[in-house]
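Single-structure report; data block below.
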Amino acid sequence: MKTFTQLGKVLAFLYCIFCTPSVFGQTTGSFDTNIAFNGTRQLSVYVPTNYNPANKYKVMVCLHGLGDNAANYRNALVNTLNWKTLLPTTIFVCPESSTTTNDYFAPDGSGNEEIIKESINFIRANYSVDTTDITLQGFSLGGRAALRYGLSNPDVFKGLLLNTPAIQGVKEGSSKQPAYPYALANANKIPVYISHGENDVFYTAPIDSIVEQLVLNDCPLHFKRIAGLDHTIPISAQLGNFSKFFDSTTTNAFGIEVTRLYIPERVCNGFVNGSVLVRNTGKTTINSIALDFSSTGSTATRVSTNGLSLAPFQHVILPITNQFAGSAEVHTFTVKASLINGSENTDPISPNNENRKSKQLVRQNSGRALPLTEGFEGPDFPPTGWVLKQSGDVFSSWEKYDDVSKTGTASMGAFNSVFLFDNSFRSEEVQTPVLDLSSMQNPHLAFDLAFNYHKFKANNDSITLSDTLELLISTDCGNTFTRIFKAGGKELTTFAAPILNPQTLEACFINPSANNWSTMLLPLTAYATSNNAIISFKYTSGLGGSINIDNVAVTSNAVGIETPQQNNVAMYPNPANSNTTIEAENITAVNVWDANGKLCKVKTTSLGENTTLLHTDLLSAGVYYVQVVTKNFVQHQKLIIEK
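Positions in the sequence shown are counted from 1; adding 85 to them yields this note's numbering.
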């Protein structure tokens with residue numbers, strides 16, 4: 086009997102040697118170590134100083150942002166933010182990001198993000214851990230990588246903690262980059278907790294876009310936007326109890342969130358139509374919702390929807406039908422979820438009025454009489470009655486430029502660059518007030534334009550990146566639009582040469598002199614009977630361009646617009662039939678558009694040519710716009726073809 090007892094002790098001893106974490110795992114506090122992964126990669130670890138291998142510990146894998154390193158990030162979380170006290174039974178492991186991309190995700194398929202898996206394997210091999218309680222945390226680009234990896238591996242983690250995830254633009258956030266997808270179909274399988282600073286406006290729209298996508302995929306999501314916070318991780322008092330959320334994503338019987346309003350920026354008939362995205366944030370299945378619709382100064386109208394069956398975190402898109410748009414020209418339209426299953430909504434997990442959403446609207450029931458003149462000198466942008474239709478990325482939107490102008494001190498401008506987010510083919514629009522074109526004979530649109538594009542050249546290779554400007558007109562208050570002008574690149578530029586090899590954002594902007602402005606004049610006679618016309622300036626990203634527009638006018642004879650200096654270019658005969666002669670110093674190119682904005686003819690010349698013959702025999706009779714590009718300036722003139 087004694088022999089079997091001794092044998093049992095020996096077996097127990099051997100079990101302790103081979104089946105418990107390694108001796109290395111007893112290291113506690115903060116330390117750094119290296120593992121073999123794509124060469125050698127550093128892990129910066131914190132183990133509670135009172136670590137006991139008899140207990141199971143939670144694990145948090147922490148991914149740092151661009152320009153940081155694993156050790157600094159570990160120290161910031163554990164010591165500066167004091168997460169070692171906030172999470173006393175948690176082991177923190179912070180892997181170093183890629184030394185080649187400074188990111189945990191490389192789109193080259195190299196598998197760099199698998200450092201996350203190797204970090205978990207290291208901790209599991211050396212410590213006693215609860216494999217059901219592993220959190221993946223990330224800040225900035227680390228937060229983006231955590232979201233991508235976590236959605237692709239939802240069964241590995243208890244939750245994703247994302248502090249200002251650096252989603253690379255609205256295009257990526259709205260899942261319109263198929264080359265770099267997020268596994269959004271898995272979003273309902275893993276809790277996600279996102280924090281973002283209100284002052285961090287660069288990432289506001291991209292984060293809003295990914296939040297919308299997560300909601301549309303029924304993710305157990307808690308999103309918190311923190312007032313006064315910049316691009317950083319909030320202190321624990323601001324961040325909230327994310328650990329409690331991961332333990333139980335729904336703690337209240339009833340909860341509802343109004344996530345998005347899908348309504349136009351302008352209404353013309355006095356009523357708002359669209360839809361609203363709503364989700365259940367409580368424990369109880371929602372069978373009915375009552376929404377209150379209101380505009381500034383008006384009494385709310387309640388509309389109930391029955392026959393629903395929304396489980397926790399499921400969503401529904403509900404219609405907004407013929408709701409009063411308010412009496413003021415500019416007002417706020419609000420949707421509030423007031424009743425859930427017939428009871429008032431008092432959900433304490435939504436402290437920031439998440440059961441309501443508002444949006445500013447412009448109401449214009451009739452067109453303004455002409456003339457319209459706008460030099461963008463006022464304090465507000467867009468000016469009263471004008472409307473912005475934004476794609477989301479703050480850097481590319483039309484805005485007021487206080488230091489660039491043809492006359493006065495300001496203009497409106499927009500900008501795109503390959504150095505920023507990939508927003509290619511996304512458009513920014515600014516629209517005039519509703520106009521009564523019938524109030525003046527022979528209406529024309531005139532404006533001063535300055536524009537240039539980007540060109541990168543190395544050895545014998547070159548690439549041109551250019552944005553595009555379109556002018557569109559609507560005669561049904563914005564329901565449909567017709568193009569009246571489109572140009573980009575060398576066809577639109579008002580400079581003699583593109584911006585060559587810009588290396589900084591500052592180098593991508595234009596600083597137009599007097600010679601770099603060109604006055605554009607477009608006839609609107611085809612739409613002269615419309616009394617509810619809207620003109621849209623649509624700027625589409627080609628990842629390279631800087632544009633400014635000043636002195637917009639819709640008049641019969643461009644009153645209010647500074648008449649361009651035409652003595653630099655001579656064009657005769659005009660009207661023309663089969664050809665016209667153009668004279669200017671050092672002509673390099675001539676471009677011709679028709680009245681609908683279609684490029685009809687392009688002619689390049691040898692540098693130094695002062696006279697060129699433009700053949701017009703194949704052009705139909707009508708009004709055309711000729712751009713003359715020279716070594717020192719660009720100028721536009723109207724050409725009439727008669728047959």
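Built from N, CA and C at the ideal position, the CB exists for glycine as well.
Residues bridged to residue i [DSSP beta-bridge criterion]
i: Cys147; result: Gln222
i: Gly340; result: Beta-bridge pairing links Gly340 to no other residue.
i: Met656; result: Ile667
i: Phe418; result: Ser380, Lys444
i: Asn365; result: Ile341
i: Ser556; result: Looking at the sequence shown, residue 556 is not Ser but Leu. Paired residue(s): Phe570, Phe622.
i: Cys179; result: Ser129
i: Asn729; result: What is shown of the chain runs 86 to 728, which leaves residue 729 out entirely.
i: Arg387; result: Asp377
i: Met605; result: Phe532
i: Val714; result: Ala674, Val719
i: Gln516; result: Val472, Ser621
Buried or exposed (CB count within 10 angstroms, at least 16 for buried), residue i
i: Gly244; result: buried
i: Asp188; result: buried
i: Ala231; result: buried
i: Arg233; result: buried
i: Ile548; result: exposed
i: Asn365; result: buried
i: Val714; result: buried
i: Glu198; result: buried
i: Phe532; result: buried
i: Lys261; result: exposed
i: Ser631; result: buried
i: Tyr657; result: exposed
i: Lys683; result: exposed
i: Ala706; result: exposed
i: Arg387; result: exposed
i: Pro433; result: Residue confidence is low: Pro433 scores 44 on pLDDT, short of 50, so the model does not pin down where it sits. No coordinate-derived value is stated.
i: Gln722; result: buried
i: Thr697; result: buried
i: Cys593; result: buried
i: Val675; result: buried
Beta-carbon proximity of residue i to residue j, cut-off 7 Å
i: Lys141; j: Asp215; result: yes
i: Ser496; j: Asp635; result: yes
i: Gln399; j: Asp303; result: yes
i: Ile725; j: Val711; result: no
i: Val352; j: Arg441; result: no
i: Ile425; j: Phe339; result: yes
i: Leu554; j: Leu520; result: no
i: Ser225; j: Ala268; result: no
i: Arg568; j: Leu557; result: yes
i: Leu148; j: Gly227; result: yes
i: Thr579; j: Phe536; result: yes
i: Gly470; j: Pro518; result: yes
i: Gly498; j: Tyr538; result: no
i: Cys179; j: Ser213; result: no
i: Leu590; j: Val503; result: no
i: Ser333; j: Leu171; result: no
i: Val472; j: Gln526; result: no
8 Å Cβ shell around residue i - same chain, five flanking residues per side excluded
i: Leu522; result: Gly452, Leu455, Pro528, Leu609, Tyr612, Ala613, Thr614, Ser615, Asn616, Ala618, Val639
i: Val479; result: Val286, Phe287, Thr289, Ala290
i: Asn775; result: Because residue 775 is not part of the residues shown, which for the chain are 86 to 728, the question remains open.
i: Cys685; result: Val677, Trp678, Asp679, Leu704, Tyr709
i: Val719; result: Thr578, Thr579, Phe580, Ala581, Asn601, Ser603, Gln712, Val713
i: Asp702; result: Asn662, Ser663, Asn664
Sequence-distant residues of its chain with Cβ nearer than 7 Å to residue i (five each side left out)
i: Leu246; result: Thr220, Gln222, Tyr278, Phe327
i: Asn407; result: Phe356, Asn358
i: Lys274; result: Pro239
i: Ile318; result: Leu166, Phe224, Asn248
i: Glu727; result: Pro660, Asn662, Ala706
i: Glu513; result: Gln475, Ser476, Ser481, Ser482, Trp483, Ala499, Tyr624
i: Asn544; result: none
i: Thr217; result: Lys243
i: Leu505; result: Phe480
i: Arg310; result: His281, Glu283
Contacting residues, own chain, Cβ-Cβ under 6 Å from residue i (five flanking each side not counted)
i: Met145; result: Thr175, Phe177, Thr220, Gln222
i: Pro404; result: Ser360
i: His700; result: Asn664
Does the stretch 346-366 come close enough to the stretch 417-431 that 3 or more CB-CB pairs lie under 8 Å? Touching, per the Cβ criterion.
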